Each structure stands twice: as structure tokens, then as C-alpha cells.
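Read through the structure below, which is laid out as C-alpha cells, and then see the notes.
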Amino acid sequence: MTDLNKKFSIKTILILILWIFSILLIMFFNKYASKKLENRALELIESLSIESRININSTIEKKFTILETISDNISNEDLSNPQNITKSFDSIVEDNKLRRLAIATPNGTSYCNNGEIVDISDMDYFKASMNGKRYTSSIVSSKLDGKRTNFFSVPVFKDNKVIAILWASILTDDFYEELNIDTMSELGDIFIINSEGDVVASKAHITSNSDNFNLFEIINDESLEIIQMDFKNTDKGKVKLKFNHEDSFMYYAKLDYSDWWVMSLIPNNSIKVYSYTIMKTITLFNFVMILLISGIFIIVFKKEKTSYSKLKDIAYTDAITQGKNDVFLKNNIYKYINKKDDFAFISLEIINIKNIVTMIGLKNTEFLLKEVYSYLYNILNKEEIIVHSYFGEYKLLMKYTSVKELTQRLEKIDFSKINDNIKFIMGIYLVDKSNTSYEEMSSYVSIAKETLNNNHNNNKNMMYYNKSMHKSEINKIRLEEDIKNGIKNKEFKAWFQPKYGKDGKTLIGAEALVRWYKYGSIISPYIFVPMCEANGLIKDIDELVFEDVCKNIRRWINDNKNVVPIALNLSRSYLNKANFIYSLEKYIDKYKVPKDLIHFEITESSLAGNEEKLKDIVSLLHERGYLVSVDDFGVGYSSIKAISYVNFDILKIDKSFIDGIGEEKWENIIKYTINLANSLGMATVAEGIESEEQYRFLSDCNCDMFQGYYFNKPMDSENFSKLI
Numbered sequence: 000m001t002d003l004n005k006k007f008s009i010k011t012i013l014i015l016i017l018w019i020f021s022i023l024l025i026m027f028f029n030k031y032a033s034k035k036l037e038n039r040a041l042e043l044i045e046s047l048s049i050e051s052r053i054n055i056n057s058t059i060e061k062k063f064t065i066l067e068t069i070s071d072n073i074s075n076e077d078l079s080n081p082q083n084i085t086k087s088f089d090s091i092v093e094d095n096k097l098r099r100l101a102i103a104t105p106n107g108t109s110y111c112n113n114g115e116i117v118d119i120s121d122m123d124y125f126k127a128s129m130n131g132k133r134y135t136s137s138i139v140s141s142k143l144d145g146k147r148t149n150f151f152s153v154p155v156f157k158d159n160k161v162i163a164i165l166w167a168s169i170l171t172d173d174f175y176e177e178l179n180i181d182t183m184s185e186l187g188d189i190f191i192i193n194s195e196g197d198v199v200a201s202k203a204h205i206t207s208n209s210d211n212f213n214l215f216e217i218i219n220d221e222s223l224e225i226i227q228m229d230f231k232n233t234d235k236g237k238v239k240l241k242f243n244h245e246d247s248f249m250y251y252a253k254l255d256y257s258d259w260w261v262m263s264l265i266p267n268n269s270i271k272v273y274s275y276t277i278m279k280t281i282t283l284f285n286f287v288m289i290l291l292i293s294g295i296f297i298i299v300f301k302k303e304k305t306s307y308s309k310l311k312d313i314a315y316t317d318a319i320t321q322g323k324n325d326v327f328l329k330n331n332i333y334k335y336i337n338k339k340d341d342f343a344f345i346s347l348e349i350i351n352i353k354n355i356v357t358m359i360g361l362k363n364t365e366f367l368l369k370e371v372y373s374y375l376y377n378i379l380n381k382e383e384i385i386v387h388s389y390f391g392e393y394k395l396l397m398k399y400t401s402v403k404e405l406t407q408r409l410e411k412i413d414f415s416k417i418n419d420n421i422k423f424i425m426g427i428y429l430v431d432k433s434n435t436s437y438e439e440m441s442s443y444v445s446i447a448k449e450t451l452n453n454n455h456n457n458n459k460n461m462m463y464y465n466k467s468m469h470k471s472e473i474n475k476i477r478l479e480e481d482i483k484n485g486i487k488n489k490e491f492k493a494w495f496q497p498k499y500g501k502d503g504k505t506l507i508g509a510e511a512l513v514r515w516y517k518y519g520s521i522i523s524p525y526i527f528v529p530m531c532e533a534n535g536l537i538k539d540i541d542e543l544v545f546e547d548v549c550k551n552i553r554r555w556i557n558d559n560k561n562v563v564p565i566a567l568n569l570s571r572s573y574l575n576k577a578n579f580i581y582s583l584e585k586y587i588d589k590y591k592v593p594k595d596l597i598h599f600e601i602t603e604s605s606l607a608g609n610e611e612k613l614k615d616i617v618s619l620l621h622e623r624g625y626l627v628s629v630d631d632f633g634v635g636y637s638s639i640k641a642i643s644y645v646n647f648d649i650l651k652i653d654k655s656f657i658d659g660i661g662e663e664k665w666e667n668i669i670k671y672t673i674n675l676a677n678s679l680g681m682a683t684v685a686e687g688i689e690s691e692e693q694y695r696f697l698s699d700c701n702c703d704m705f706q707g708y709y710f711n712k713p714m715d716s717e718n719f720s721k722l723i
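So for the sequence shown, numbering that gives the first Met the number 0 puts the first residue at 0; every next one is plus one.
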């Protein structure tokens with residue numbers, strides 16, 4: 000071989016090696032770029048799915064806000080002739096793109112705004128709302144014309160009783176359009192389904208003549224098993240699957256209503272369409288100009304960035320304000336807080352948004368929210384963020400140099416030029432840059448707002464989060480869980496504080512109090528009662544105490560004891576339902592307790608401003624054979640009005656009055672109170688007596704009954720049994 004041939008061979012080999020290397024490099028890069036673009040597209044599609052979920056929840060909540068506002072307005076009207084009311088619904092139907100808006104009487108007869116009358120007594124939404132629930136239906140064939148329709152319904156309450164329901168219908172196609180989730184129409188299909196797979200709304204390319212189209216029936220078993228497991232254990236998920244013989248991705252997330260889920264179905268081909276132009280450019284430049292591969296990389300990623308930015312704009316835009324939304328803040332917050340500046344994470348919430356909707360209507364409220372967004376946007380600096388998180392809540396990321404400077408900025412926020420009626424609060428978290436997640440920051444500002452709401456004597460509208468709040472919140476959660484377990488295990492028992500007659504020696508009754516037996520000790524009610532009154536668990540505790548009292552009275556009767564009447568205090572949670580006594584009387588019947596051994600005490604402040612309801616409750620208790628005391632008399636502003644209007648049997652003088660004995664002013668008030676009760680035919684009980692001086696004074700004032708530590712402290716049932 001000559002040197003020329005050798006050089007030629009070497010060059011040929013080198014060229015071949017370079018050609019093969021170039022081909023391999025192109026193939027590797029094409030595969031890498033394709034995968035990278037696919038992952039980016041999937042991330043954005045997932046963000047769009049989350050945005051769809053937010054839009055759907057917001058749209059459905061608007062429907063319920065409209066119906067509940069109408070329900071509140073008609074609850075006090077005469078419903079004996081519903082047609083007169085429904086005639087005024089036409090403008091509401093037209094403004095909100097509804098088919099029908101109707102009032103249904105308890106027998107199921109519905110009176111529609113267009114004059115039609117239809118029986119819906121067999122419909123699920125009618126049954127649900129007659130039970131006091133608001134309801135959204137799956138796709139239903141309309142009874143009037145058979146068209147595919149979705150229904151919304153809410154109860155109409157009067158005096159805490161359902162007197163009718165208000166329902167609205169909307170064509171399924173119109174409902175879907177109103178959901179504002181067509182941002183993915185070029186990529187794939189979106190379904191709203193229930194947990195069983197029944198389609199509630201869709202504009203899918205898959206069609207079915209059946210109203211009961213079930214998406215699960217056309218998903219393969221392996222993928223369906225994953226989806227159903229996620230439905231049980233989480234609130235969102237994704238899966239790769241074969242759908243209609245095509246490789247696809249499915250994302251799903253739980254909605255806030257019923258058992259509905261939003262499912263986004265995107266075929267692989269749709270994802271490839273978005274990357275097709277970019278990949279074509281990559282391939283062309285790599286084959287034509289192999290030496291400029293590095294330049295092609297730059298061009299490719301510039302194109303990708305442009306495509307990515309367009310999709311981000313869709314995913315990050317709030318439907319109401321047209322500004323940024325929660326998804327934007329979550330995905331971008333760390334670009335800001337990782338800088339050297341200090342930032343505060345703030346939640347500003349309009350707390351009377353429902354009242355504003357009632358006053359000015361939904362459309363005007365949305366315009367107001369947009370104006371609030373613009374106002375907040377304009378007062379922020381360039382490197383600060385404002386987003387509309389949900390209906391009436393905004394999140395802000397603001398720089399600060401000191402807490403004082405930040406507070407002064409926030410105190411200047413004034414929406415009076417937008418609307419004088421806007422009331423708002425702010426929860427503030429000073430960002431700690433040590434890996435605090437977005438979810439944690441959101442939790443911290445929520446805790447701060449809750450702390451502010453619970454501090455009723457505080458006139459401020461902002462609260463800074465601190466660790467003690469978090470510790471307090473954790474302790475509250477643990478205490479609430481312990482209380483629930485205590486109720487389940489019947490750890491709450493009745494104690495008894497004796498009452499004595501005029502001679503101060505004769506036992507004539509007792510007041511039932513609650514004690515919690517936990518971990519071998521007795522926990523004072525001051526620890527758990529305030530929380531239970533706030534979260535509604537006090538009703539369950541009252542019921543346990545009531546049963547324990549009935550059980551003990553039966554035991555004492557069987558033991559031939561000299562049983563005296565026991566008084567039980569009724570909490571507000573019972574008084575909110577006029578027929579509460581019937582649920583308690585099951586224990587009286589179970590233990591065969593004479594009704595004259597049960598007295599009820601009602602704190603007059605518990606129904607302040609609603610004397611008519613208070614009067615009805617006392618009348619019902621009298622009809623059922625019980626005596627009723629007014630407890631803590633003198634504490635509420637309407638005490639004299641209450642006892643003059645309501646026929647109480649016994650007046651209980653509050654301890655705060657008794658503590659004033661020895662001062663002429665208080666002694667005159669006590670004398671007046673006892674004389675007033677006597678003139679109205681009521682007996683009197685003085686509670687909280689701690690000294691002989693107090694007892695002698697009250698006895699000289701002709702008080703009928705006495706209770707307090709001077710006579711006996713509260714005691715358990717065994718010790719009280721020895722007294723009788």
C-alpha cells in the first residue's frame with residue numbers, strides 16, 4: 000500500500016468513524032431532546048389539569064352561591080303559591096345560562112320559572128336537599144325533553160327546618176363550556192366523573208348515546224386498578240395507559256364537590272405534535288451542519304423556551320382577575336426567596352365576600368376582585384408578587400427591611416375607593432429560607448388568620464405567624480383527637496353540685512356538671528369545653544352526661560334513695576334545633592326516669608336577640624313536663640327583657656353578683672333581682688356562695704335555694720349517693 004493509499008484509507012476510516020459518530024450523536028441527541036420535551040409538555044399539562052380543577056371548583060361554588068343567596072331571600076316568603084316567586088327567576092336563568100330554575104315543595108312538586116310543573120320526588124338531588132344538603136348531579140335525562148342535563152340543588156331553610164328546595168338545571172354542554180376548561184382542547188379530552196367512573200360532563204371525542212356513559216368500562220384492567228387505588232388513598236394521580244388502542248397519559252384530581260374527579264386524557268401523539276416542529280429543526284440542522292451542533296442546541300432550546308412560555312401563560316393565569324394564580328406562585332416562589340433580600344409571605348382574605356355577592360351580585364363581585372388585584376399589584380415593588388388564590392383570597396410575596404416597615408406598608412392598604420364594605424384580614428409569615436415548602440408557608444398564614452379570628456377582642460386585621468401558634472395548633476389537634484376518642488370511649492361523666500333549701504341544710508336538688516376521666520386523672524371542663532363549643536362536639540358530651548344522669552337516677556331509685564331533681568345545662572348546639580328534647584328523651588324512656596327529676600338550665604345569652612325562639616323552646620319543655628331555669632342571669636345585655644318575655648320557672652343569680660355582697664350597690668341589685676323574680680312567679684337560686692356572710696344576706700333577701708363551695712363542692716356520683 001502506497002503512502003497515498005494509506006493516507007486515503009486512514010482518511011476514509013476517520014471520515015467513516017466521524018460519520019458513524021455523528022449519526023450516533025444525532026440519534027442520541029434526538030432521543031434525549033424528544034424525552035426532555037415530552038417531560039416538559041407533561042409537566043405543563045399537569046399544571047393545566049390543576050388549573051382546570053381550580054376553575055371547575057370555582058364555577059360550581061358560584062352556582063351554589065347563587066342558589067344559596069336566592070334560597071336565603073325566599074325563605075321568609077310565602078311558599079304556598081310558588082308560581083308567584085318563580086316568575087321573577089327569568090332574568091337569573093338568562094344571566095347564568097340555566098335551563099330551568101325552580102322551587103320544589105316537600106312532596107316533590109316543582110314549579111319552574113317558565114310555568115312548567117314537574118314531579119321530582121324520585122330524583123337524588125331532591126332527596127339530598129330535603130335532608131339539608133346541597134347537591135350536584137351526574138348527567139341526567141331531563142324529565143321535560145330528555146336532553147342531557149346536570150342539576151344543582153340547595154335546601155330552603157326556615158327556623159332550621161327544610162321547607163322546600165331550590166334547584167337549577169343546565170344543559171351538560173353548556174355546563175362544560177361554563178367550566179372554562181378548554182385550555183387543553185388541542186391536547187386531549189377532559190372528563191368530569193364520579194368515583195364509579197360515570198361521566199358528569201365532557202366534551203370528549205369519545206361519544207355515547209347513553210346518559211350513563213362510564214369511562215372505567217373502556218380503560219384496561221391494569222390501569223383501572225391503579226386509578227381506583229388512587230381514588231381511595233389520595234386526591235390526585237397519573238397513569239400511562241392504552242386508551243382506544245392508543246398510548247396515552249391520564250391525569251386526575253379530586254374536586255371539592257360530591258365524589259367528582261376531573262380527568263385529563265392526553266394521547267402520546269398530541270404531545271408529539273407540540274414537539275414536532277422543534278424536532279424537525281433539530282434533525283435538519285444536525286444533518287446539514289454537523290459541525291454546528293452546539294449552535295443547533297441553542298436554537299432548539301430557544302424554540303422550546305418560547306413554546307414553554309406560551310403554555311405557562313395559560314397555566315398561570317387566573318380566570319377572574321386575568322392576573323397570576325396560585326400555580327404561578329408555587330412554581331416561582333423560590334426564585335425570589337432564595338435571593339439575599341428578606342421576604343414576607345402574606346394571605347389577604349376578604350372575609351365578607353358572601354355578603355358582597357348578596358349585595359352587588361356575582362358579576363359585579365368578580366369585577367370588584369379584579370379591581371382589588373389591580374390595586375394590590377400597583378402598590379407592590381418590581382420584585383414582589385401578587386396572585387389571586389381563590390374567590391376573595393390573595394397571596395402576596397413582599398420584601399421587607401424590618402417588621403415595623405412591613406407593618407406600616409400593610410396598614411396603608413385601603414379598599415374604600417373600590418367598595419366601602421370590603422372587610423379583610425391578613426396572615427403574615429416572615430419567610431425562613433431553610434427549605435420551607437410552599438404548602439408549609441400556606442399553612443402558617445392560615446394558622447395566623449385563624450388565630451386572629453379566634454381573638455375576638457382584637458380590633459387588628461393582621462397577624463404575624465410565630466412558632467407558638469403552630470405548637471398551639473398541634474396541641475389543639477391532639478386535644479380534639481383525644482376528645483373524640485373520649486366521646487367514643489364514654490370517658491365523660493356527670494358530677495353533681497348539691498343545692499340546698501332556705502334553711503341551708505335540706506338537700507333539694509343538684510346541678511349536673513361534666514368531668515373527663517382521662518389517663519387516670521380528672522380533667523377540668525375549662526380545658527375542653529371551649530373547644531367543644533367551637534367545633535360542635537359539646538353536643539355529644541352533653542348527651543353522654545345526660546345519659547349518665549339518667550342512669551344514676553335509675554340506680555338511686557332502685558336503691559330506695561331519696562332522689563332529688565337534677566338540673567342539666569343545655570348548650571347552644573342543642574338549642575339550635577327546636578326538637579332537641581326528643582333526642583334526649585330516649586334516655587329518659589330507656590332508664591324510666593320520672594320527668595319531675597329532670598330540670599333544664601338555659602343560659603339566656605345563648606339565644607340573645609332571638610327571644611321568640613327562646614320562648615318556643617321553653618314552651619316545648621313545659622309541654623313535655625319539665626321545669627326550666629334561666630342560668631347566669633344578669634350577664635347578658637337582654638336579661639330583663641328575656642325573663643319578662645319568656646315564662647321561666649327558676650331564676651339563677653350569677654356568681655358575679657354574689658361576689659359583690661358587702662358592697663351596697665351590688666346588694667341592692669341582688670335584692671331587686673330576687674324581688675323581680677318573686678313578682679314574676681319564679682323561684683330563685685344563688686350560685687357560687689363561698690361564705691356564711693353571703694348565705695345570711697341571701698337568706699334575709701328570701702332567696703329560695705343555695706349552691707356553692709360554702710355548702711359542698713361538686714362531687715362524683717358515689718359521693719353524691721351518700722348525701723341522698
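We put the CB at the ideal spot given by N, CA and C, even for glycine.
As the structure is a computational prediction, the values presented were derived from the model and not from experiment.
For this session: Please report the residue range of the alpha helix (DSSP H) in which residue 229 lies.
Result: 220-232
For this session: For residue 576, collect the residues of the same chain with a Cβ closer than 7 Å to its Cβ; drop the 5 residues on either side in sequence, then sort them by chain order.
Result: Only 159 meet the Cβ criterion.
Exercise. Between the stretch 436-455 and the stretch 404-419, do at least 3 Cβ pairs fall closer than 8 Å?
Worked result: Contact check between the stretch 436-455 and the stretch 404-419: fewer than three CB pairs, one atom from each, fall below 8 Å, which does not count as touching.
Exercise. Are there three or more Cβ pairs, one per stretch, closer than 8 Å when the stretch 689-706 is compared with the stretch 477-493?
Worked result: no
Problem set entry | Burial state of residue 707 (16 or more Cβ within 10 Å) | With a 10 Å radius around the Cβ and a threshold of 16 neighbouring Cβ atoms, residue 707 comes out buried.
Exercise. Do the CB positions of residue 78 and residue 91 come within less than 8 Å of each other?
Worked result: No. Outside cutoff.
Exercise. In chain order, what residues of the same chain have a beta carbon less than 7 Å from the beta carbon of residue 240, not counting five sequence neighbours either side?
Worked result: 218, 219, 222, 247, 249
For this session: Could you tell me which residues DSSP puts in a beta bridge with residue 426?
Result: 346, 462
For this session: Kindly list the residues whose CB is nearer than 7 Å to the CB of residue 208, restricted to its own chain and excluding five residues on each side of it in sequence; keep chain order.
Result: Here residue 208 scores only 46 on pLDDT, less than 50, and its place in the model should not be relied on; the value that follows carries that caveat. Here the set comprises nothing.
Exercise. What are the boundary residues of the alpha helix (DSSP H) that includes residue 541?
Worked result: 537-557
For this session: Count the other C-beta atoms from every protein chain shown that fall within 10 angstroms of the C-beta of residue 116, then say buried if there are 16 or more, exposed otherwise.
Result: exposed
Problem set entry | Selected residue, minimal CA-CA separation from residue 155, among 193, 192, 67, 196 | 67
Problem set entry | Straight-line gap, residue 234 to residue 140 (C-alpha atoms, nearest Å) | 29 Å
Exercise. Whole-angstrom Cβ separation of residue 683 and residue 703, contact assumed at under 8 Å?
Worked result: 5 Å
For this session: Can you give me the start and stop residues for the alpha helix (DSSP H) that residue 524 sits inside?
Result: 524-534
Exercise. Closest by CA to residue 399, which one among 65, 114, 338?
Worked result: 338
Problem set entry | Closest residue to residue 374 among 412, 63, 616, 621 (Cα-Cα distance) | 412
Exercise. Using DSSP with H/G/I as helix, E/B as strand and the rest coil, what is residue 101?
Worked result: For residue 101, the three-state secondary structure derived from DSSP is strand.
Problem set entry | Which of helix, strand or coil DSSP assigns to residue 776 | The displayed coordinates of the chain run from 0 to 723. Any statement about residue 776 would go beyond what the structure contains.
Exercise. Buried or exposed: which applies to residue 592, given that a residue is buried once 16 or more other Cβ atoms fall within 10 Å of its Cβ?
Worked result: Around the beta carbon of residue 592, 16 or more other beta carbons lie within 10 angstroms, which makes this residue buried.
Exercise. Quick one: what's got a C-beta closer than 8 Å to residue 520's C-beta in the same chain, skipping five residues either side?
Worked result: none
Problem set entry | Alpha-carbon to alpha-carbon, residue 192 and residue 245 | 21 Å
Exercise. From residue 171 to residue 414, what does the alpha carbon distance come to, in whole angstroms?
Worked result: 39 Å
For this session: To the nearest angstrom, report how far apart residue 717 and residue 454 are at their CA atoms.
Result: Residue 454 has its alpha-carbon roughly 40 Å from the corresponding atom of residue 717.
Problem set entry | Residue from 381, 611, 347 whose Cα sits closest to the Cα of residue 461 | 347
Problem set entry | Rounded C-alpha distance that separates residue 619 from residue 581 | Going by C-alpha positions, residue 619 is about 10 Å away from residue 581.
Exercise. My guess is that residue 315 and residue 326 are in contact by the Cβ rule of under 8 Å, so how many angstroms apart are they, rounded?
Worked result: Contact flag correct, Cβ pair sits at about 6 Å.
For this session: Go ahead and pull the three-state DSSP assignment for residue 122.
Result: coil
Exercise. Just the Cα atoms here: how many angstroms apart are residue 709 and residue 500?
Worked result: Straight-line Cα distance between these residues: approximately 14 Å.
Problem set entry | Contact set for residue 715: own chain, Cβ-Cβ below 6 Å, skip 5 residues either direction | 494
For this session: Could you tell me the boundaries of the beta strand (DSSP E) in which residue 714 lies?
Result: Premise fails: residue 714 is in no beta strand (DSSP E) and is neither H nor E.
Exercise. Among the residues of its own chain, which have a CB less than 7 Å from the CB of residue 464, if the five just before and after it don't count?
Worked result: 426, 427, 428, 443, 444, 446, 447
Exercise. Is the CB-CB distance between residue 552 and residue 583 below 8 Å?
Worked result: no
Exercise. Expressed to the nearest angstrom, what Euclidean distance is found between the alpha-carbon atoms of residue 630 and residue 169?
Worked result: Taking the straight line joining both Cα atoms gives about 52 Å.
Exercise. Taking residue 674 as the reference, which of 649, 385, 601, 466 has the closest Cα?
Worked result: 649
Exercise. On the three-state DSSP scale, how would you describe residue 496?
Worked result: strand
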